[in-house]
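Trainee: Provided herewith is a single structure, encoded as structure tokens, for subsequent inquiry.
In UniProt numbering, the protein residues as written are 1 to 361.
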């Protein structure tokens, strides 16, 4: 077997032939007849054929047994199925013969059935249905998922507050943000006129105009401040001449006199307290000393009846008849019954307890 390039006598329509110049394989558009020679197919559109009447494959762009049918122009790779003409489609077309164009509302190419992802404002499998006016996106005709900036609701049928700067919530209408000078969930409350740069969602100012302070800039700086005051505390930055203090409310002379009076008051109060304490101490010492003196006197005091004397007692009867203090116990010595004068001493009760009289008469 020899190739066409080597065998100059091999027919042109043959790809290869044997030593006797008989064709073994044919070029496109020919078929091998009786295993000897290559004969042209019936139709030039045939790529290969089994005999003169039937094609086994078609040239690009045609299909059918005789390859006389034209493939659709939107086929991929410029080919279609040899038997029925079905084909793979280029982007933007679908259908068995690529004869259907995808919807312009598709965000990307569609599949072989025409289904695709929709651009905003359209819905449906093939994205051929348009959402309601004011509805930027929806998944069915009764449920918007995105509205234009000034509308809200499931069908975008409601308007947002005119003070919403960037639209509002789809479901409740709460503003996403407010224009400067307004606050609240619907931006329907005005900021204080003394706010320098608007306010937040609660109404608190973002800085105050000169002369005012506080969260809502509703407090006026003291009249003697120069250049305004601290916007949080109201403390003056600078005072006018002749005034001082945190709020520029005090004249300097009064400040000094007030300080002097204050110091004098403190000194007087100190002396008063010290004097009271001194009096308390002196009084305590006096009471203490008096108690000690009284105790010493009571210890040294003699009973009243100790030094009483009885004179010229003539007999025991006379002695007994003498009035003796009830709380004292008399002590007697053995006396003879004479007329001689004797002396007796009355002992107090305590002495009598310690020394009992013994009489031996």
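Where is the CB? At the ideal position from N, CA and C, for every residue including glycine.
Please classify residue 14 as buried or exposed, where buried requires at least 16 neighbouring CB atoms within 10 angstroms.
Mentor: Translated into positions along the chain shown, residue 14 becomes position 14. By the neighbour-count rule (16 or more Cβ atoms within 10 Å), residue 14 is buried.
Trainee: According to DSSP, is residue 103 part of a helix, a strand, or is it coil?
Mentor: What you label residue 103 is simply residue 103 of the chain shown in a count that begins at 1. Residue 103: coil per DSSP, three-state reduction.
Trainee: Determine the extent of the beta strand (DSSP E) in which residue 187 is found, giving its start and end residues.
Mentor: Start at 1 with the first residue of the chain shown, and residue 187 comes out as number 187. Segment: none, residue 187 is in no beta strand (DSSP E) and carries neither H nor E.
Trainee: Evaluate residue 46 with the Cβ neighbour count: other Cβ atoms within 10 Å of its Cβ, from every protein chain shown; 16 or more gives buried, anything less gives exposed.
Mentor: Here the question's residue 46 lines up with position 46 in the chain shown. Classification for residue 46: buried.
Trainee: Between residue 239 and residue 251, is the Cβ-Cβ spacing less than 8 Å?
Mentor: Along the chain shown, read from residue 1 onward, the residue named residue 239 stands at position 239. Along the chain shown, read from residue 1 onward, the residue named residue 251 stands at position 251. Cβ atoms of residue 239 and residue 251: not closer than 8 Å.
Trainee: Below 8 Å between beta carbons: does that hold for residue 85 and residue 97?
Mentor: Residue numbering aside, residue 85 sits at position 85 when the chain shown is read from its first letter. Residue numbering aside, residue 97 sits at position 97 when the chain shown is read from its first letter. A contact, by the Cβ cut-off of 8 Å.
Trainee: Taking the beta carbon of residue 230 as the centre, do at least 16 other beta carbons fall within 10 Å, making it buried, or is it exposed?
Mentor: As a first step, residue 230 must be located in the chain shown, where it is residue number 230. Classification of residue 230: exposed, given that the 10 Å Cβ count is below 16.
Trainee: Distance check for residue 11 and residue 24, CA to CA, integer angstroms please.
Mentor: Taking the chain shown and counting its residues from 1, one reaches residue 24 at position 24. Taking the chain shown and counting its residues from 1, one reaches residue 11 at position 11. Counting only the Cα atoms, residue 11 lies some 11 Å from residue 24.
Trainee: Using 8 Å as the threshold, is the C-beta distance between residue 191 and residue 175 below it?
Mentor: By 1-based counting over the chain shown, the position of residue 191 is 191. By 1-based counting over the chain shown, the position of residue 175 is 175. Not in contact: residue 191 and residue 175 (Cβ atoms no closer than 8 Å).
Trainee: Looking only at its own chain, which residues have a Cβ that is under 7 Å from the Cβ of residue 122, when we skip the five neighbours before and after it?
Mentor: On the chain shown, position 122 is the one that residue 122 refers to. So the list reads 105, 129, 130, 131, once near-sequence residues are dropped.
Trainee: Among residues of its own chain, excluding the 5 on either side of residue 235, which ones have a beta-carbon nearer than 8 Å to its beta-carbon?
Mentor: One-based indexing of the chain shown puts residue 235 at position 235. These residues qualify, in order along the chain: 229, 246, 247.
Trainee: Could you tell me the distance, in whole angstroms, from the CA atom of residue 101 to the CA atom of residue 124?
Mentor: Taking the first residue of the chain shown as position 1, residue 101 is located at position 101. Taking the first residue of the chain shown as position 1, residue 124 is located at position 124. Taking the straight line from one Cα to the other gives about 16 Å.
Trainee: In the DSSP assignment, the beta strand (DSSP E) including residue 143 goes from what residue to what residue?
Mentor: As a working mapping, residue 143 is identified with position 143 in the chain shown. Element bounds for residue 143: 143 to 147.
Trainee: With C-beta atoms as the reference, is residue 212 less than 8 Å away from residue 194?
Mentor: Taking the first residue of the chain shown as 1, we reach residue 212 at position 212. Taking the first residue of the chain shown as 1, we reach residue 194 at position 194. Closer than 8 Å, so yes.
Trainee: So which of 179, 140, 290 has the shortest CA-CA distance to residue 162?
Mentor: The count along the chain shown starts at 1 and reaches residue 162 at position 162. Checking every option, the nearest Cα to that of residue 162 belongs to 179.
Trainee: Short check: CB of residue 49 to CB of residue 82, under 8 Å?
Mentor: One-based indexing of the chain shown puts residue 49 at position 49. One-based indexing of the chain shown puts residue 82 at position 82. Result no, Cβ atoms of residue 49 and residue 82 do not sit closer than 8 Å.
Trainee: In the region 207 to 255, which residue ranges form an unbroken alpha helix (DSSP H) of at least 4 residues, counting only runs that do not cross its ends?
Mentor: none
Trainee: Which same chain residues end up closer than 8 Å to residue 36 when comparing Cβ atoms and leaving out the 5 residues on each side of it in sequence?
Mentor: As a first step, residue 36 is located in the chain shown; it is residue number 36 there, counting from the start. Hits under 8 Å: 22, 23.
Trainee: Just checking residue 110 against the ligand GDP - is the residue's beta carbon closer than 7 Å to any of the ligand's heavy atoms?
Mentor: The ligand GDP is not part of this structure, which contains no ligands at all.
Trainee: Express the C-alpha separation of residue 71 and residue 63 in angstroms, rounding to a whole number.
Mentor: Start at 1 with the first residue of the chain shown, and residue 63 comes out as number 63. Start at 1 with the first residue of the chain shown, and residue 71 comes out as number 71. Their Cα atoms are separated by approximately 7 Å.
Trainee: At the level of alpha carbons, what is the spacing between residue 29 and residue 66?
Mentor: Stepping through the chain shown from its first residue, residue 29 is reached at position 29. Stepping through the chain shown from its first residue, residue 66 is reached at position 66. Approximately 12 Å, taken between the alpha carbons.
Trainee: Between which two residues does the beta strand (DSSP E) containing residue 24 stretch?
Mentor: Within the chain shown, residue 24 is the residue found at index 24, counting from 1. Unbroken beta strand (DSSP E) run through residue 24: 23 to 26.
Trainee: Three-state secondary structure (DSSP) at residue 116?
Mentor: The count along the chain shown starts at 1 and reaches residue 116 at position 116. Three-state DSSP puts residue 116 in coil, outside helix and strand.
Trainee: Tell whether a beta-carbon distance below 8 Å holds between residue 168 and residue 156.
Mentor: For the purposes of this step, residue 168 is taken as the residue at position 168 of the chain shown. For the purposes of this step, residue 156 is taken as the residue at position 156 of the chain shown. Not in contact: residue 168 and residue 156 (Cβ atoms no closer than 8 Å).
Trainee: First and last residue of the beta strand (DSSP E) that includes residue 48?
Mentor: Numbered from 1 along the chain shown, position 48 holds the residue referred to as residue 48. 46 to 49 is the span of the beta strand (DSSP E), which, as asked, contains residue 48.
Trainee: Just to confirm, are residue 198 and residue 206 a CB contact at a threshold of 8 Å?
Mentor: The residue you call residue 198 lines up with position 198 of the chain shown. The residue you call residue 206 lines up with position 206 of the chain shown. Yes. Within cutoff.
Trainee: Suppose the cutoff is 7 Å on Cβ atoms and the five residues either side in sequence are ignored; what does the same chain contact list for residue 145 look like?
Mentor: The residue labelled residue 145 in the question sits at position 145 within the chain shown. Close CB contacts of residue 145 within its chain, under the 7 Å cut and outside five residues either way in sequence, are with 137, 138, 139 (chain order).
Trainee: For residue 170, which of helix, strand or coil comes out of DSSP?
Mentor: Taking the chain shown and counting its residues from 1, one reaches residue 170 at position 170. The answer is coil: DSSP assigns residue 170 none of H, G, I, E or B.
Trainee: Can you name the start and end residues of the beta strand (DSSP E) that residue 137 belongs to?
Mentor: Along the chain shown, one-based indexing puts residue 137 at 137. 135 to 140 is the extent of the beta strand (DSSP E) around residue 137.
Trainee: Name the residue from 187, 32, 43, 17 whose alpha carbon lies nearest to the alpha carbon of residue 160.
Mentor: If you number the chain shown from 1, residue 160 lands on position 160. Closest option to residue 160, Cα to Cα, is 187.
Trainee: Please state whether the Cβ-Cβ distance between residue 203 and residue 183 is less than 8 Å.
Mentor: Here residue 203 is taken as the residue at index 203 of the chain shown, counted from 1. Here residue 183 is taken as the residue at index 183 of the chain shown, counted from 1. Yes, the pair counts as a contact, with Cβ atoms nearer than the cut-off.
Trainee: With burial defined as no fewer than 16 other Cβ atoms inside 10 Å of the residue's Cβ, what is the status of residue 289: buried or exposed?
Mentor: Counting from 1 along the chain shown, the entry for residue 289 is found at position 289. That one is exposed.
Trainee: What separation, rounded to the nearest whole angstrom, lies between the Cα atoms of residue 256 and residue 292?
Mentor: Here residue 256 refers to the residue found at position 256 of the chain shown. Here residue 292 refers to the residue found at position 292 of the chain shown. In this prediction, residue 256 has a pLDDT of 48, which is less than 50 and means its spatial position is unreliable; what the coordinates show is noted afterwards. Straight-line Cα distance between these residues: approximately 54 Å.
Trainee: Who does residue 42 pair with in a DSSP beta bridge?
Mentor: In the chain shown, the residue the question calls residue 42 occupies position 42. The partner list for residue 42 (beta bridge, DSSP) is empty, contrary to what the question assumes.
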